[in-house]
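There are 2 protein chains.
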Amino acid sequence: MSARQMKLGAFLMATGHHVAAWRHPQVPADAGLDFQHYRHLAQVAEAGCFDTLFLADSVAAATGDSASQMARSDHFEPLTLLSALSVVTERIGLISTVTTSYNEPYHVARQFASLDHLSGGRAGWNLVTSDAAAEAGNFGRDEHIGHAERYSRAREFHQVVTGLWDSWSADAFVRDKASGQYYDPAGRRELNHVGDHFKVKGPLNVARSPQGRPVVVQAGSSEAGRALAARTADVIFTAQPSLTAAQAFYADLKNRAATFGRSADELKIMPGVFVVVGETQALAQAKFEAFQDLVQPEVGVALLGRMLGNFDLSGYPLDGPLPELPLTDSGQRSRQQLLSELAEREHLNLAQLGRRIAGGRGHFSLIGTAAQIADQLQLWFQNGAADGFNVLVPHLPGGLEDFARQVVPELQRRGLFRTHYTGTTLREHLGLPEINGR
Amino acid sequence: MSARQMKLGAFLMATGHHVAAWRHPQVPADAGLDFQHYRHLAQVAEAGCFDTLFLADSVAAATGDSASQMARSDHFEPLTLLSALSVVTERIGLISTVTTSYNEPYHVARQFASLDHLSGGRAGWNLVTSDAAAEAGNFGRDEHIGHAERYSRAREFHQVVTGLWDSWSADAFVRDKASGQYYDPAGRRELNHVGDHFKVKGPLNVARSPQGRPVVVQAGSSEAGRALAARTADVIFTAQPSLTAAQAFYADLKNRAATFGRSADELKIMPGVFVVVGETQALAQAKFEAFQDLVQPEVGVALLGRMLGNFDLSGYPLDGPLPELPLTDSGQRSRQQLLSELAEREHLNLAQLGRRIAGGRGHFSLIGTAAQIADQLQLWFQNGAADGFNVLVPHLPGGLEDFARQVVPELQRRGLFRTHYTGTTLREHLGLPEINGR
Chain A
116 MSARQMKLGA
126 FLMATGHHVA
136 AWRHPQVPAD
146 AGLDFQHYRH
156 LAQVAEAGCF
166 DTLFLADSVA
176 AATGDSASQM
186 ARSDHFEPLT
196 LLSALSVVTE
206 RIGLISTVTT
216 SYNEPYHVAR
226 QFASLDHLSG
236 GRAGWNLVTS
246 DAAAEAGNFG
256 RDEHIGHAER
266 YSRAREFHQV
276 VTGLWDSWSA
286 DAFVRDKASG
296 QYYDPAGRRE
306 LNHVGDHFKV
316 KGPLNVARSP
326 QGRPVVVQAG
336 SSEAGRALAA
346 RTADVIFTAQ
356 PSLTAAQAFY
366 ADLKNRAATF
376 GRSADELKIM
386 PGVFVVVGET
396 QALAQAKFEA
406 FQDLVQPEVG
416 VALLGRMLGN
426 FDLSGYPLDG
436 PLPELPLTDS
446 GQRSRQQLLS
456 ELAEREHLNL
466 AQLGRRIAGG
476 RGHFSLIGTA
486 AQIADQLQLW
496 FQNGAADGFN
506 VLVPHLPGGL
516 EDFARQVVPE
526 LQRRGLFRTH
536 YTGTTLREHL
546 GLPEINGR
Chain B
116 MSARQMKLGA
126 FLMATGHHVA
136 AWRHPQVPAD
146 AGLDFQHYRH
156 LAQVAEAGCF
166 DTLFLADSVA
176 AATGDSASQM
186 ARSDHFEPLT
196 LLSALSVVTE
206 RIGLISTVTT
216 SYNEPYHVAR
226 QFASLDHLSG
236 GRAGWNLVTS
246 DAAAEAGNFG
256 RDEHIGHAER
266 YSRAREFHQV
276 VTGLWDSWSA
286 DAFVRDKASG
296 QYYDPAGRRE
306 LNHVGDHFKV
316 KGPLNVARSP
326 QGRPVVVQAG
336 SSEAGRALAA
346 RTADVIFTAQ
356 PSLTAAQAFY
366 ADLKNRAATF
376 GRSADELKIM
386 PGVFVVVGET
396 QALAQAKFEA
406 FQDLVQPEVG
416 VALLGRMLGN
426 FDLSGYPLDG
436 PLPELPLTDS
446 GQRSRQQLLS
456 ELAEREHLNL
466 AQLGRRIAGG
476 RGHFSLIGTA
486 AQIADQLQLW
496 FQNGAADGFN
506 VLVPHLPGGL
516 EDFARQVVPE
526 LQRRGLFRTH
536 YTGTTLREHL
546 GLPEINGR
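In structure tokens, the structure reads:
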């Protein structure tokens, strides 16, 4: 077995990542609110030794009419879901997205610390800024917070949350029954944070959590996103369409981390990879096409509009080009760029582009046999493009079962991936430095 | 069996409600962050057919030095805890306190709707306003929000949360695979709330929950608290020191509910009752005294100060009277009144009053045999003072085991309490009207 081991995340999304997955006969259409579905997914991923589960999130329902509606307007709130899943799993990490744009750091610090205790050290927070204008409307605002402001708030939010996680030393709670001393005041650290966005006194009302601090994941690819991630993230989740793009991103982030005095190992880079597994390449392709055939053109285009920064593209001709869209401050600049490059490279009209991203949403896509998929993952992993992958599958639970039972054993045979968990915490799985909190 | 059945809540608090419980040899001092402890409590309560678990909450750590520190600065965040408990229970309700003062209604609506789905219709929200100035400091404020403002915000908060719970009709998500229609637009209700405190567009990104709306509990006893509860609460939790006080409160709230066009049955009134069970009255008293003997005087007085509205009483002589304290706007007016009347009635000095409330914190207290306790509960229940009780025990898990295994069977023998669950949702347990959400 090679010393360096690949990291794997199971990016769960209700019926799967393919926009039309819910229409497939093998997919439970009501998966978003079916706890038994998620229990099964978590247990399949854990049997496959995945490092972590990974949940996306949005604090608004998807918009649009019923036909152009992705199956995402009815799903569990992720912290409650992961807390429930902590009880039916033992080792796998539990990462959820929570936005910094429309939350208070005290609540976020507390929920993840609580989840870290519930799970025995398996919690992770995917720190994002909100990109959907619809979210603003649920939190008292007419307009979305601008990009610069969002990142300034996110930076400070991270500072407050980690400061609150450090509220107590690991041995602060002595609980000495004889003397009546419940905690040692020397182990208590008030935060007294005063900044541009937040004023938070602390301490947190949760003892130091098993991991010292839950794992912090970030996904921003803009300049501001990269700068924040290089300084503060433990893990970076990113969409990279090709090996060369991924290598450039990987090198850039590892270099940036070094400028903050961090070693390359302290920052794990995990691109997303959309995977469809089949016993032959043709069977895999046919499996994928079965989902593609279920995509209504207006659904693909609506998804495209959301990904580009919540644009309504319904007025544009389906057989026309991707229209020039303003690179608005509230939009998803880095994703806009990714998708317009894709359209240009592959000469896709609007409907075709919508269909093209209906599965992997611009992530690196692999459709083939387990060996073919393992070849590509190995190539990226061993050539400076990835420390591991966040795995997106078209449909659930089938796609995850395929990956865990076919691709994982292939990676294990090659000595690239663990055959059993050696640690108990998410930090241990990921090979991140311990934070002992003394 | 009599037609009308008593409702019972198991008010869980880490090591128990007695301020010195954690020092007792039979109590796990680190219970606040021990999931196995809570799993056991939930299962004991469910075996005893309790209607619900009930969790208090605060969004700040307790203050004071280590010796005057109640075992409450290290505990789970309640929504994550209840979500985890939903997996290891099947019938019992899951109620948590969440403050309206330092939260956003979209998050709160979403978390409880999600818990309601996770648990198959067992979620309940204890709506409170924050009374601890320490909480303000964790949410950007120097000063606590004033009483009137808190209640004005709470009223509107409730309106937004229930409006968001009504975002979707029960049959909105049709998920028709053949046509590709995921939901029926006719079942979607945007909220578009614009008020003094909140502006929330909606809809919620969670489908209608199994109970239609999670159960809403309130605990305010002030004029503003009563007015809000009579209009909007499903259940009222209250501290009433005596039968006559409880009867007056009960009559007042049921009358107020009627003025809002609500039937008496739509509002369940559940006073807290602090219970110590023993095989004889003397044994029960001895059990209680074992806890009392562990109370350090300054700990009792510190608890008293917190209950009176976060006053620091450490400068006052322990053998002197309860000092005259300002009825501040930020204080707990109704609890101040309760405690000063108690001190006067029983001629207690400061240390004695602290010790007096170290167990039941001013709630109705019963120390005796199962039959004696059942007598009193029956008396209140059958004489217009209570629809049921929220049960506080000195220590956990022992006190809850005593109640579930000794008092519950006694109530069952008298036909006052269920011997098995007949419904599956918390609304069904409590006999509350169904909300079908069509």
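Sequence order for the protein chains is A and B.
Residue numbers for the first sequence follow our numbering, so the first one is 116 and each next one is one higher.
Residue numbers for the second sequence follow our numbering, so the first one is 116 and each next one is one higher.
Idealized CB from N, CA, C, for every residue including glycine.
Using 8 Å as the threshold, is the C-beta distance between residue i and residue j below it?
{"i": "glycine 327 of chain A", "j": "glycine 552 of chain A", "result": "yes"}
{"i": "asparagine 425 of chain B", "j": "alanine 334 of chain B", "result": "no"}
{"i": "valine 332 of chain B", "j": "alanine 348 of chain B", "result": "yes"}
{"i": "phenylalanine 406 of chain A", "j": "histidine 133 of chain A", "result": "yes"}
{"i": "alanine 401 of chain A", "j": "threonine 484 of chain A", "result": "no"}
{"i": "isoleucine 488 of chain A", "j": "valine 330 of chain A", "result": "no"}
{"i": "phenylalanine 389 of chain A", "j": "histidine 510 of chain A", "result": "no"}
Kindly say whether residue i, judged by its beta-carbon, lies nearer than 8 Å to any beta-carbon of chain B.
{"i": "threonine 539 of chain A", "result": "no"}
{"i": "proline 509 of chain A", "result": "no"}
{"i": "aspartate 246 of chain A", "result": "no"}
{"i": "valine 174 of chain A", "result": "yes"}
{"i": "tryptophan 280 of chain A", "result": "no"}
{"i": "histidine 535 of chain A", "result": "no"}
{"i": "glycine 474 of chain A", "result": "no"}
{"i": "leucine 196 of chain A", "result": "yes"}
{"i": "tryptophan 495 of chain A", "result": "no"}
{"i": "serine 445 of chain A", "result": "Summary for serine 445 of chain A: the model assigns pLDDT 47, below 50, so the residue's position carries little reliability, and this model does not support an answer."}
{"i": "asparagine 253 of chain A", "result": "yes"}
{"i": "valine 159 of chain A", "result": "no"}
{"i": "aspartate 286 of chain A", "result": "no"}
{"i": "alanine 500 of chain A", "result": "no"}
Within the continuous alpha helix (DSSP H) that includes residue i, where are the two ends?
{"i": "glutamine 120 of chain B", "result": "No alpha helix (DSSP H) contains glutamine 120 of chain B, which DSSP labels as neither H nor E."}
{"i": "valine 416 of chain A", "result": "412 to 422"}
{"i": "isoleucine 210 of chain A", "result": "Here isoleucine 210 of chain A belongs to no alpha helix (DSSP H); instead the beta strand (DSSP E) covers 208 to 214."}
{"i": "alanine 485 of chain A", "result": "485 to 497"}
Can you check whether the C-beta of residue i is within less than 8 Å of a C-beta belonging to chain A?
{"i": "tryptophan 240 of chain B", "result": "no"}
{"i": "proline 329 of chain B", "result": "no"}
{"i": "glutamine 96 of chain B", "result": "No answer is possible for residue 96 of chain B: it lies beyond the span of chain B, which begins at 116 and ends at 553."}
{"i": "phenylalanine 406 of chain B", "result": "no"}
{"i": "lysine 369 of chain B", "result": "no"}
{"i": "glutamine 326 of chain B", "result": "no"}
{"i": "serine 181 of chain B", "result": "For serine 181 of chain B, the predicted structure reports a pLDDT of 48, less than 50, and the residue's modelled location is therefore unreliable. A value from the coordinates is still provided. So, interface residue."}
{"i": "phenylalanine 313 of chain B", "result": "yes"}
{"i": "serine 229 of chain B", "result": "yes"}
{"i": "glutamate 219 of chain B", "result": "yes"}
{"i": "leucine 319 of chain B", "result": "yes"}
{"i": "glutamine 411 of chain B", "result": "yes"}
{"i": "leucine 233 of chain B", "result": "yes"}
{"i": "lysine 383 of chain B", "result": "no"}
{"i": "valine 203 of chain B", "result": "yes"}
{"i": "alanine 136 of chain B", "result": "no"}
Tell me which residue opens and which closes the beta strand (DSSP E) that residue i is part of.
{"i": "phenylalanine 150 of chain A", "result": "Not the beta strand (DSSP E): phenylalanine 150 of chain A falls in the alpha helix (DSSP H), residues 150 to 162."}
{"i": "asparagine 370 of chain A", "result": "Looking at the DSSP string, asparagine 370 of chain A is not in any beta strand (DSSP E); the run it does join, the alpha helix (DSSP H), is 358 to 374."}
{"i": "lysine 383 of chain B", "result": "383 to 392"}
{"i": "glutamine 333 of chain B", "result": "330 to 333"}
{"i": "tryptophan 283 of chain B", "result": "First-last for tryptophan 283 of chain B: undefined, no H or E at that position."}
{"i": "leucine 428 of chain B", "result": "Taken as a continuous stretch (DSSP letters only), leucine 428 of chain B belongs to no beta strand (DSSP E), as it is neither H nor E."}
Roughly how far, in whole angstroms, is the beta-carbon of residue i from the beta-carbon of residue j, given that I think they are within contact range, below 8 Å?
{"i": "glycine 310 of chain A", "j": "glutamate 271 of chain A", "result": "5 Å"}
{"i": "leucine 433 of chain B", "j": "leucine 465 of chain B", "result": "5 Å"}
{"i": "leucine 123 of chain B", "j": "valine 506 of chain B", "result": "6 Å"}
{"i": "glycine 317 of chain A", "j": "asparagine 253 of chain B", "result": "7 Å"}
{"i": "valine 203 of chain A", "j": "valine 202 of chain B", "result": "6 Å"}
{"i": "phenylalanine 288 of chain B", "j": "aspartate 189 of chain A", "result": "6 Å"}
TODO: Mind the definition here: the region 293 to 310 of chain B touches the region 194 to 209 of chain B only if three or more C-beta pairs lie below 8 Å; say whether that holds.
DONE: Because the criterion of three Cβ pairs below 8 Å is not met, the region 293 to 310 of chain B and the region 194 to 209 of chain B do not touch.
Any contact of the region 226 to 241 of chain A with the region 146 to 160 of chain A, i.e. 3+ C-beta pairs under 8 Å? Flag = no, the region 226 to 241 of chain A and the region 146 to 160 of chain A do not touch.
_Counting beta carbon pairs with one atom in the region 517 to 532 of chain A and one in the region 128 to 145 of chain A, are three or more of them shorter than 8 Å?_
Taking 8 Å as the limit for Cβ pairs, the verdict is that the region 517 to 532 of chain A does not touch the region 128 to 145 of chain A.
- Query: When the Cβ atoms of the region 405 to 421 of chain B are set against those of the region 452 to 472 of chain B, are three or more pairs found closer than 8 Å?
  - Reply: The region 405 to 421 of chain B makes contact with the region 452 to 472 of chain B; the number of CB pairs closer than 8 Å reaches 3 or more.
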